[in-house]
Amino acid sequence: MRGLVPLTDKPIGLVPVVIVIQISLVLCMEDPVFTYVAEPHHKPTYSILFSKILRPATLYSIVTTFHQSTDEPYMVSLDEPGDMLSGHTVIKASIACHSGEVVAGSLDISSQTSTLTLRIPPNIKNSSYSLRVQGVSTGRSTLFEHISHLVYSPNYLSITVQTSRPIYSSGQLVKFRVLILQTDLLPYNDDLDVFVLDPDGIIMRRWISIYTNNGVSSLSFQLPNLAKDGTWLIRTSIQDQINEHRFQVQTYFTPLFEKEGKNTVLLNFSELLEPVTPGLELRLDVTVTELLSGESMTGFSSSRVVNSQVVVEFVSRRPLYWHAGKPIQGHVSVSYSDGQPLSAVDLEDSQLTVHILLDGAVQEDQTILVKREHDYSETENYMTELTDSARWDMFVERVRATFTRSPSSDPITTVRTVYTYANPGTNQDRSQEGNETRAGSIVVWTNPGEEIGVEDYVVAHVKTEAVPDGFTSVVLSKNLVLRTEYHPPSPSPLITSISVPVSPDMAPVFTYVVYAVTRAGHIISDSVTVPVSGFNRYEQTMALNMGKDYRGLRVEGIASGDEGAFIGFHAMRSASYLMQAGNELTLSRVMQSYEDLDTNLKFIEKLEKNSRDGTVASELFYLTTQNQARDSIAAFHILNLGLFTNAEINQDSSCSEDEEYCASEGCYNKQKTCDHIQDCVDGTDEISCTPLLTDPDDRYFYSVKRSSRNFFTFDAEEGDWGWREIRKNDHEGIEFEPLWSPSTGDAWYFTAFSVSKTLGFSILSTPELFSSRRPVMAQLTGVASCKRGEQVSLRLSIHNMLHEQMLVEVVLRGSSQYKFVHVEENGIVSSYGARLSSGDHQILIYLDPQSQERVDIPVAPVIDQGHVKVTVEVITQAGHVILHHDLTVLVSSEGHYVIDQGHVKVTVEVITQAGHVILHHDLTVLVSSEGHYVIDQGHVKVTVEVITQAGHVILHHDLTVLGEGMLINRHTSIFLDLKSRALVLNYLDICVEETPLVPYEIWRRYVYGSPGASIMLSRFNRYEVSIVFISMPVFTYVVYAVTRAGHIISDSDSVTVPVSGFNRYEDEEYCASEGCYNKQKTCDHIQDCVDGTDEISCTSLLTDPDDRYFYSVKRSSRNFFTFDAEEGDWGWREIRKNDHEGIEFEPLWSPSTGDDWYFTAFSVSKTLGFSILSTPELVSTSRYL
């Protein structure tokens, strides 16, 4: 039976039904079993408190308290049949699972409250565990024995992962750090396993049994070139504890151009037909078109509609309870619906009024005006503590908070129902005075508004009534019992103030629990949860020194922390930092990681501050929280505490493991929390459900997907320039790290943290803002390639970032690979044949403050083909910038060389069926003293004389200087008619193309290379000559004539061709005696020549060497091992030593692929000549495994 009996006719004053029970031994591995015994006057003698959560590598404490009667002196004795036997008592405890006992211990009772501590091994696994506690007397008889089921939790460490950026693209390097802290906030220095999983859950990288450096493990891995898009995971595994951190991977290809900017869009929602719901997502799509290329790019940005109304709410996630004789403490927050705090301007004339509505003999409405005692900044929330000053014989019914932004604005009101905390044995009629006193009570509270740190003291105030045996206090944190103390009874109704020392293992929150036994034999309890600031026990600083390099190229990072601590810092581009996507290490993330270690944290009052623009990381505040249970049994259930006792416990009011308590009565299933269906009568299961705008998962995906991607989102080139670590354990607490500033101007946010061996974790409170915008910034752009002989123009953009005028000197550095193109009068630059000069060239420019200027720099590469690096320097008093532009010169189809000076190697290949010959000719191009060519085009004869006493030699070398110019297509047709007279007809001698760079002009002549042609003579008409040009275009006239001797001569060719007689065509061969025959009819078994020349020396098909060669290499298709580029030469070795003794040993690396290999060998002796291996040696590379 489960139910509650109301105290009054009001639905809020309720107490549970009390059933008197006594514990007897019944073995059960799941839950404690209670046997009801009809002993109404039974006096409780003991109570055993323990945690129901079992974690590996922790100290598990069991608190035993023996109770005494007010009529008898204290003695360590238990009830046995017949008499009260005083003597020695031993408490034995063991934790076991199905495979056997895990840990056991015993303790001799020497005081009224004793603690037995068991050290849990770190290697325990997920299983069903049970706790067995025995009390043994002096005579070794069992006084009591209890068994209870324990809940295994693998989490015993705080794990937080930091990545270098929230979003990555394929092929990028992912850098990340794993921060691991123990329950005492000190670093974890042991092994761990780390895995990287793709969206399909496939392990892409793993690190096994790696160790940390002061609790930090820094790792990196390369994403595949075709990484799958989606959410990737970094999984950390320590024993059974598994933590996962997510990051996004998206495919990105660099577009032709990108445009990034910020604009404000105003929307008028009044024109919409339907009202706009808060949380509605709006998306803005933008398309930008580049007119020159006609390329269009699209992008988007999204935002959400936020209710601009101020929200006033109680911070408590559980119902508020009123304890008789205890001040009410609560917290009220004033903010916007998305957690954005109010600004200082909004709070300037505001006030918060709290009304406490009392119920009792006379209902009263007490008003507390809450005033601000100091000015609140924009990042500070408006909070207050509520204290009840009413009489204790009345109880609180409701609390109402009213916030007024200004005297003229409408007030905002919120009301919270207050329930009555029911102590066992309380009389149902609240109007009768003294019933609560006779039943007994215990309450505890702390002073509100004080920030507690490690090594401070927390003052707890405990008020007891009708508690004859004193009370026991327990310090509980992370579901571990840390400290216990017995407090003897004091004359009622005095308040006992207790100073509780704060240790690091009590952070980030601890719960102070007090419990006692009343005269009626009931267990009563109360608790208060107090936040502790356990981090930042030493100051973590980060500074950037830019005074050592005024150019802004280098910056010095100065990070300080504790001596020998691990120090890590990181710089994020503003666009990535403002996402606040959870990749950066923040104090709130480290605090939230401890929520997996303490189930009580889900009931504590906490406040999270968010920033809409992302300039401030989310901040988390834990607040002092009173007992949020309706009675003692619910209090133990919420705190995950188990209790063995022979005192009276209302078992009917308890809930099962998978249930939670309703505020007034009954229980509800945990899985039905926030399912929009009210299961509790008072609606406890639907209180403080997280709305969409504050859901962490929703905020994460909204942050990383709210805008389209660009180059700086992934920032593969310069995004990690500020990722640095100081791992030396012997530094003195401050380190100087030189950094190269990125070339792109932007705002960067530096974050830093450190981990000390003795003081734990500390983090930079506010990010350090750094601007990579240098005093002078320049960018050099231009085409990536050009053809030989072309001129290119490079565009230099110079930005003055200072607020003063700047004189800038631009220098084009000289090079043998390019020349400067001079600009003639009136700004005219000749497209071809322009005036060129070598060496450095300068120009002075005045730049106004905060302005920019563009400078066009024309250059002409002078190499035939290859890569050219153009160097430009921008020199100012505020900085010096050196820029480079890579230019590729492409060779033309004719392949003529056009360098100014230097050495040229001409390569000619002669390919025949009988062989392949490669010839090289070295050519030196000389330049005159003025730097110009002696001739532009034509023949040069170089004469060299060698004079000795023995003789005189004169040598000549013919050199042809070829013309240079741009390839222009021109249509030319020439016909020579020699029948009656020499007639030359020219047809269509025009330029057939026009470009913006080279417009058609009649007076321009474009010479490109050396034109050539072939002459075909008709065999039937000896006086008809037709000219067929080899290639287009031809820009010079070629004149042919016929001499009296019957020869054709040309002014461009010294070779004469006889006209008389038969001339063979190119596809013919001469017969031995006379005539010609077609080449294709050679060896066709048909005699075409009279003398049979075409059928002489014909080789049969099977013995033809060439045929055998081509048959061998073409008889099958190709595969990878045909070419075998990687391992085909593993056996190619040479022994060139001339002093060996005739035998040598050569180690070889066998190839990785299994196959058969034939080894051949030969040698050449100085005296005996050539020798070769008669039979190839067969070797197999197939391995056993």
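Position one of the sequence shown corresponds to residue 1 (UniProt numbering), numbered consecutively onward.
Idealized CB from N, CA, C, for every residue including glycine.
Assigned with DSSP and collapsed to three states, E660 falls in strand. Secondary structure note for K1114: its alpha helix (DSSP H) is the uninterrupted segment P1105 to K1114. Residue range F1120 to F1123 is occupied by the alpha helix (DSSP H) that includes F1121. Assignment of V891 by DSSP, reduced to helix, strand and coil, places it in the coil class. In the pairwise beta carbon analysis, the segment 811-824 is classified as touching the segment 853-864: at least three pairs are separated by under 8 Å. Shortest Cα-Cα distance from Q865 to any of E790, F535, T1122 and D848 involves E790. Judged by their CB atoms, A57 and P122 are nearer to each other than the 8 Å cut-off. A distance below 8 Å between beta-carbons, with the five flanking residues on each side excluded, links V509 to the following residues of its chain, in chain order: S477, T529, V530, P531, V532, D598, N600, L601, I604 and Y622.
Put simply, the backbone Cα of L291 is about 12 Å away from that of F257. If you ignore the 5 residues before and after Y512, its C-beta comes within less than 7 Å of the C-beta of V444, A460, S473, V475, V500, S527, V528 and V530, all in its own chain and listed in chain order. Closest by C-alpha distance to V555, out of S772, F1121 and L185, is S772. The beta carbon of S754 sits closer than 7 Å to those of Q540, G561, D562, A565, F566, I567 and S762, all from its chain and outside the five residues before and after it, given in chain order.
In the DSSP assignment, the residues bridged to K92 are S106 and Q134. Closest in alpha carbon position to C97, among T117, R119, H88 and L131, is L131.
Straight-line measurement puts the Cα of V249 at about 5 Å from the Cα of D229.
For the pair T1160 and L1173, the CB atoms are nearer than the 8 Å cut-off. Counted as a single uninterrupted DSSP element, the alpha helix (DSSP H) harbouring H637 occupies residues S632 to I638.
Comparing alpha-carbon positions, the option among L1178, E1144 and G879 lying closest to E1134 turns out to be E1144.
8 Å or more divides the Cβ of C1071 from the Cβ of C1083. Per the C-alpha coordinates, the member of S785, V855, P767 and G552 positioned closest to P738 is G552. Its Cα nearest to that of A575, the residue S707 stands out among L192, I843, K92 and S707.
In the three-state reduction of the DSSP assignment, A460 falls in the strand class, which pools E and B.
Shown here, D685 sits in a helix according to DSSP, grouped into three states. With respect to R854, L796 sits close: the two C-beta atoms are nearer than 8 Å. Taking the C-beta atoms as reference points, G135 is found no nearer than 8 Å to I95.
For a cut-off of 8 Å, the C-beta gap from N243 to I159 is around 4 Å, short enough to register as a contact.
For K757, the closest C-alpha among the options T289, L181 and S111 is that of L181.
In the DSSP assignment, L1168 is bridged to no other residue. Straight-line spacing of the CA atoms in S169 and W723 works out to 18 Å. Burial is judged here by how many other beta carbons sit within 10 angstroms of a residue's own beta carbon; G1142 has fewer than 16 and is exposed. Secondary structure of D505 (DSSP, three-state): helix. Under the three-state reduction of DSSP, K819 is assigned to strand. Between V808 and T876, the C-beta spacing is below 8 Å.
Counting along the chain, R854 sits inside the beta strand (DSSP E) bounded by residues Q852 to P861. Taking 8 Å as the cut-off, the Cβ atoms of G879 and R537 do not count as close.
Of the candidates V196, I954, N126 and S137, the residue whose Cα lies closest to the Cα of F247 is V196.
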